[in-house]
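Read through the structure below, which is laid out as structure tokens, and then see the notes.
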Ligand SMILES: [Mg+2]
């Protein structure tokens with residue numbers, strides 16, 4: 002019996018279409034000027050494919066005195082580039098209508114949890130989520146068990162009675178499967194084609210497929 006359905010955030014409940022122009026615009030807003038040299042160095046440090054370092058640490062290295070203010074200003078520019086899953090509210094309401102608890106478990110990088118919480122509020126989703134756990138607050142990242150368990154413990158739900166919905170096979174599907182959660186791969190925004198060894202219990206091409214999966218588990 003599924004008592005909770007947890008969701009990934011990016012490319013599951015929300016799609017963020019990021020591009021070069023947005024990078025430059027974000028820097029303009031955050032610095033108060035155009036600074037091509039800054040953007041070039043930023044690209045090297047942030048997008049160079051190295052290990053993911055804390056965003057504030059990278060910004061300090063780039064000479065930013067107040068990383069929080071920088072991140073806030075940049076995020077204001079980025080926010081309109083987010084598209085909320087059209088039926089997200091209907092899906093969450095429908096789950097709750099079935100007595101199922103809802104939540105988000107997400108790797109928050111580069112943006113800190115406080116901004117993702119503000120986004121959830123701005124997008125009208127916060128009130129429909131019983132728990133939100135983000136990696137920078139949790140001190141663990143998916144696929145580590147700890148981050149999933151924090152959400153489940155807050156809800157008082159055992160992993161075996163929970164379903165996880167996310168787009169990434171290794172972080173979302175494998176991570177949740179390791180704990181014995183029922184897994185659903187969300188395919189409506191992005192199709193993860195990495196050759197992960199794991200297969201989801203269900204594939205959801207539309208948000209409605211999450212409800213179908215729930216019904217099939219209950220049968
Ligand atoms: Mg995702």
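In the numbering used here, the protein residues as written are 2 to 220.
For each residue, glycine too, the CB sits at the ideal point set by N, CA and C.
Just how far apart, CA to CA, sit residue 119 and residue 201? 30 Å
Sorted by chain position, which residues of the same chain lie with C-beta nearer than 8 Å to residue 101's C-beta, five sequence neighbours on each side aside? 3, 4, 5, 6, 215
Listed by chain order, which residues have C-beta atoms less than 7 Å from any heavy atom of ligand 1? 9, 10, 11, 12, 13, 167, 168, 169, 173
Going by the CB atoms, is the gap between residue 58 and residue 31 shorter than 8 Å? no
Closest residue to residue 189 among 73, 50, 80, 89 (Cα-Cα distance): 89
Any idea what DSSP makes of residue 128, helix, strand or coil? helix
Separation of residue 68 from residue 148, as counted between CA atoms: 25 Å
Other residues of its chain near residue 151: CB distance less than 7 Å, five sequence neighbours each side excluded: 134, 139
Among 146, 87, 73, 121, nearest to residue 111 - alpha-carbon criterion: 73
Starting from residue 17, follow the beta strand (DSSP E) in both directions and report where the run begins and ends. 15–17
Distance CB(residue 9)-CB(residue 161) smaller than 8 Å: no
At what residue ranges does the segment 2–51 contain a whole run of the alpha helix (DSSP H), taking only runs of 4 or more? 21–32, 37–48
Helix, strand or coil for residue 98 per DSSP? helix
Tell me the rounded alpha-carbon separation between residue 37 and residue 116. 26 Å
Distance, Cα to Cα, residue 170 vs residue 77? 30 Å
Which residue or residues does DSSP assign as beta-bridge partners of residue 184? 165
Nearest-angstrom Cα distance between residue 47 and residue 206? 32 Å
Buried/exposed call for residue 186, threshold 16 Cβ in 10 Å: buried
Contact defined as beta carbons within less than 8 Å: I believe residue 130 pairs with residue 104. What is the distance between those atoms, to the nearest angstrom? 6 Å
Near residue 85, which residues of its chain fall below 6 Å by C-beta distance, leaving aside the five closest residues on each side in sequence? 15, 124
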